[in-house]
Amino acid sequence: MAKKITLSSIKADIGSIGGHTRPTQAMMKGAEQCVKDAIKKGLLVDGLAISTGDDINLLMSHTYGVNAESVHTFAWNCFKDLTKIAQKQGLYGAGQDLLVDAPAGTVRGAGPAVAEIEFERDAHSKDRPAEAFLVFAADKCSPGAYNLPFYLVFCDPNHCGGLLLSPKMHKGFIIEIIDMDYKSRDADRIIQLSVPEGAWDVVALLHDINRFAIKAIYSRYKEDEQIVSVSADRLHNIAGTYTGKDDPVAIVRTQGIFPAPEEVVGPFSETFYVTGDARGSHTMPLMPVAINTPVTGKYCIPIVSCCAFSMDKDGKFGGLSSSHSYVDMFGQVYWDRARFQAQEQAEIMRKHGAFGVAMAEKTELSYTGLEDTLKVLDKEFKIKKHTK
Ligand code: 13P
Ligand code: MG
Ligand code: MG
């Protein structure tokens with residue numbers, strides 16, 4: 095029997111050890127316990143807690159749809175409980191991403207990053223008898239970090255052979271792009287473009303990784319099928335002040351009528367430059383890392399993790415059960431070359447210090463120090479007439 099299942103990935107920075115590194119074991123155990131209890135109570139079908147850098151990602155399957163108050167409230171309360179542990183342990187940035195006192199039904203706009211997809215789970219379906227999916231979590235960068243990798247997967251047959259080889263993918267996709275400068279807590283400014291014919295327009299928008307981001311991608315072969323969801327909210331635009339970067343999560347359904355996991359992870363070996371890094375204010379390469387990796391390198395190099403899952407007919411994906419589990423996609427030796435490359439790119443970039451593209455553009459600077467200094471200096475400028 096087919097049933098509707100929703101996958102929700104809700105991620106927040108609740109505090110970390112010795113700076114913006116990683117949560118403590120006590121916090122991760124606490125997160126796992128929250129998920130276990132919610133499964134027992136019947137709220138969640140399955141669930142899992144993983145960390146990437148200083149962020150904790152709750153990955154959950156359930157039957158309540160996207161933006162479900164019950165699931166969002168559960169995630170919020172879990173993060174609140176973890177904040178208490180972080181406070182008790184004296185951790186840095188305890189409760190960092192919980193920006194309001196209580197969320198109004200949904201945690202969107204309240205601090206945590208949210209990616210969600212609802213779909214029909216039908217083990218007898220012609221197109222998707224098996225449900226395979228990837229979950230990405232990136233730290234020290236913003237949602238535009240996925241723009242180029244996902245553009246290459248869904249719009250460029252040189253990077254994704256499936257666009258040429260699979261007749262069902264050949265029909266193309268609908269790319270939903272969000273304007274992250276739009277300031278509203280309860281509405282998004284979005285545009286939908288069909289590819290391949292609209293691919294150049296997609297680039298026209300997505301090249302500006304600080305303003306535009308992919309929010310969702312849908313199949314054109316089966317239009318009601320959502321393939322991708324990205325947490326593309328810019329919280330400093332909504333909250334008004336900087337409270338850390340909007341470290342993004344993404345869910346990507348794979349195989350069959352969608353790109354294969356190997357096609358989706360491929361572009362991440364290029365370690366493209368993104369905005370983020372130390373104080374959220376630099377341009378640095380995005381390094382693929384194993385899950386639960388702390389941020390300990392020089393500066394705060396942006397990192398991304400990826401796990402591959404399979405879902406059974408009931409919506410279970412091996413979350414907390416050891417019987418069938420997940421694959422840590424970037425945790426393998428293949429990605430070592432990309433890690434070295436990212437380190438080399440990072441060193442070269444940071445040799446530029448504050449000059450040129452090394453420091454993020456003005457609108458992205460997460461601290462006001464530079465702006466304050468420029469305001470003072472501006473008053474000291476004088477107009478000096480040319481002498482003959
Ligand atoms: P996070 O957004 O991951 O908390 O990092 C903030 C920061 O400024 C690191 O230097
Ligand atoms: Mg942090
Ligand atoms: Mg973070």
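Just so we're aligned, residue 95 is where the sequence shown starts under our numbering, counting upward by one. All C-beta atoms, glycine included, are put in the ideal place defined by N, C-alpha and C. Predicted model, so just to flag it, every value in this text is computed and none were measured.
### Task
Starting from the Cα of His114, find the closest Cα among Thr100, Val358, Gly370, Leu193 and give me that residue.
Gly370 is the residue among Thr100, Val358, Gly370, Leu193 whose C-alpha sits nearest the C-alpha of His114.
### Query
Could you give the residue range of the alpha helix (DSSP H) that holds Cys254?
Taken as a continuous stretch (DSSP letters only), Cys254 belongs to no alpha helix (DSSP H), as it is neither H nor E.
### Task
Quick one: using the 10 Å Cβ neighbour count with 16 as the cut-off for buried, is Tyr240 buried or exposed?
With 16 or more Cβ atoms within 10 Å of its Cβ, Tyr240 is classed as buried.
### Query
Cβ of Phe244 within 8 Å of Cβ of Val343?
Judged by beta-carbon spacing, Val343 lies beyond the 8 Å limit of Phe244, meaning their Cβ atoms are not closer than that value.
#### Entry: Residues that Tyr312 bridges to, as DSSP identifies them
According to DSSP, which records beta bridges pairwise, Tyr312 is partnered with Ile268, Gln320.
### Message
So the candidates are Cys172, Leu192, Lys478, Ala354; which of them puts its Cα closest to the Cα of Lys82?
### Response
Since the first residue of the chain shown is 95 and the last is 482, residue 82 is not available in this structure.
### Query
Counting along the chain, where does the alpha helix (DSSP H) carrying Glu474 start and finish?
Boundaries of the alpha helix (DSSP H) harbouring Glu474: 463-474, taken from the DSSP string.
### Query
Are the CB atoms of Val201 and Trp170 nearer to each other than 8 Å?
Using a Cβ distance threshold of 8 Å, Val201 and Trp170 count as a contacting pair.
### Message
Is it buried or exposed, Ser236, if we count other Cβ atoms within 10 angstroms and call 16 or more buried?
### Response
The residue in question, Ser236, is buried, as its Cβ has 16 or more Cβ neighbours within 10 Å.
### Query
So is Asp233 buried or exposed if we call it buried at 16+ other beta carbons inside 10 Å?
Asp233 should be labelled buried.
### Message
Between Lys277 and ligand 1, is there a pair consisting of the residue's CB and a ligand heavy atom that are separated by less than 7 Å?
### Response
The answer is no for Lys277.
### Query
Is it right to say Lys478 is buried, meaning 16 or more other beta carbons lie within 10 angstroms of its own, or is it exposed?
Lys478 should be labelled exposed.
#### Entry: Distance cut-off 7 Å: Asn147 Cβ against heavy atoms of ligand 3
The amino acid at residue 147 is misidentified as Asn; the sequence shows Gly. In terms of side-chain proximity, the C-beta atom of Gly147 is found nearer than 7 Å to a non-hydrogen atom of ligand 3.
### Within 8 Å, strictly: CB atoms of Gln320 and Ile211
By the CB criterion at 8 Å, Gln320 and Ile211 fall inside the cutoff.
### Message
Per the DSSP calculation, Gly141 is bridged to which residue(s)?
### Response
Note: Gly141 sits in a beta bridge opposite Met154.
### C-beta contact flag for Met443 and Met381 at 8 Å
Inclusion of Met443 and Met381 in the CB contact set at 8 Å is not warranted, their separation being larger than that value.
### Task
Look at Tyr420 and Ala402 and say whether their C-beta atoms are less than 8 Å apart.
Contact flag set, yes.
### DSSP state of His376 mapped onto helix, strand, coil
Of the three classes helix, strand and coil, the one that applies to His376 here is strand, per DSSP.
#### Entry: Boundaries (first-last residue) of the beta strand (DSSP E) holding Met405
Annotation: the continuous beta strand (DSSP E) that includes Met405 extends over 397-405.
### Query
Using the C-alpha atoms, what's the distance from Val470 back to Phe230?
Approximately 42 Å between the Cα atoms of the pair.
### Task
Output the distance between the C-alpha atoms of Val194 and Ile351, rounded to the nearest integer angstrom.
Computed Cα separation, rounded: 40 Å.
### Message
Just checking Asp216 against ligand 3 - is the residue's beta carbon closer than 7 Å to any of the ligand's heavy atoms?
### Response
The answer is no for Asp216.
### Query
Based on Cα-Cα distance, which residue from Thr118, Val383, His253 lies nearest to Asp422?
Looking at Thr118, Val383, His253, the one whose alpha-carbon comes closest to that of Asp422 is Val383.
### Task
Taking Thr481 as part of the alpha helix (DSSP H), name the residues at either end of that continuous run.
Membership of Thr481 in any alpha helix (DSSP H) is not indicated, and neither H nor E is assigned to it by DSSP.
### Query
For Phe434 and chain B, any beta-carbon pair shorter than 8 Å?
Within the model displayed, chain B is absent; a lone protein chain is all it includes.
### Query
By Cβ distance, which residues of its chain are closer than 7 Å to Met453, with the 5 residues on each side in sequence left out?
Ser375, His376.
### Query
If you draw a straight line from the alpha carbon of Phe248 to that of Ser260, how long is it in whole angstroms?
Using only the alpha carbons, I get a separation of about 12 Å.
### Query
Looking at the unbroken beta strand (DSSP E) that takes in Ile285, where does it start and where does it end?
It spans 284-289 - the beta strand (DSSP E) in which Ile285 sits, taken as one unbroken run.
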